[in-house]
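Engineer: Before we start, here is the structure in question, set down as structure tokens.
Residue numbers (my numbering): 5 to 160.
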């Protein structure tokens, strides 16, 4: 599959998250160009702070491959990874990360800070902006909906 096709799968996962009332972030892990794990945020649904799309996809990929080293894998995610997910990317040895939208409030691939610029024992290739507009629009629509709901509650 192409990078665009893999990111489209991640966007489909993000839409699943939005349908659950979760921040719409989706992630896909691919090996040799084929998806082996897909996930979306379930933090609110599962009441679990670590249920970010990237972490859930990493967990699935480790189970599929039977080990924790994902050095042959690539991660496609709709939003720039946060500090927690960036740490998991480093620790799982993912070779390449491709993300859509930047996250100026928590992004650790250069927007807020670049954790991959530090001398950790692993440094993945980082590529940003793939299908950025689509990912950004999903997030904007979601947060606009949340603001509308909050405003409607106030008016009651």
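Glycine residues also receive a C-beta, built at the ideal position from the N, C-alpha and C atoms. Computed from a prediction, not measured in an experiment: that's the story for all the values here.
I need the boundaries of the alpha helix (DSSP H) containing residue 147, first residue and last residue.
Structural biologist: Element bounds for residue 147: 136 to 159.
Engineer: Could you compute how far the alpha carbon of residue 57 sits from the alpha carbon of residue 158?
Structural biologist: If I take the Cα positions, the gap works out to 31 Å.
Engineer: Roughly how many whole angstroms lie between the Cα atoms of residue 77 and residue 155?
Structural biologist: Going from the Cα of residue 77 to the Cα of residue 155 covers about 43 Å.
Engineer: Distance, Cα to Cα, residue 94 vs residue 148?
Structural biologist: Residue 94 and residue 148: Cα-Cα distance of roughly 33 Å.
Engineer: Have a look at the DSSP bridge pairing and note the partners of residue 124.
Structural biologist: Paired residue(s): none; residue 124 is not in a bridge.
Engineer: Note down the Cα distance separating residue 45 from residue 89, rounded to an integer number of angstroms.
Structural biologist: Cα to Cα, the separation comes out at about 12 Å.
Engineer: Quick one: using the 10 Å Cβ neighbour count with 16 as the cut-off for buried, is residue 102 buried or exposed?
Structural biologist: That one is buried.
Engineer: What's the gap between the Cα of residue 83 and the Cα of residue 133?
Structural biologist: Spanning the two alpha carbons is a distance of roughly 9 Å.
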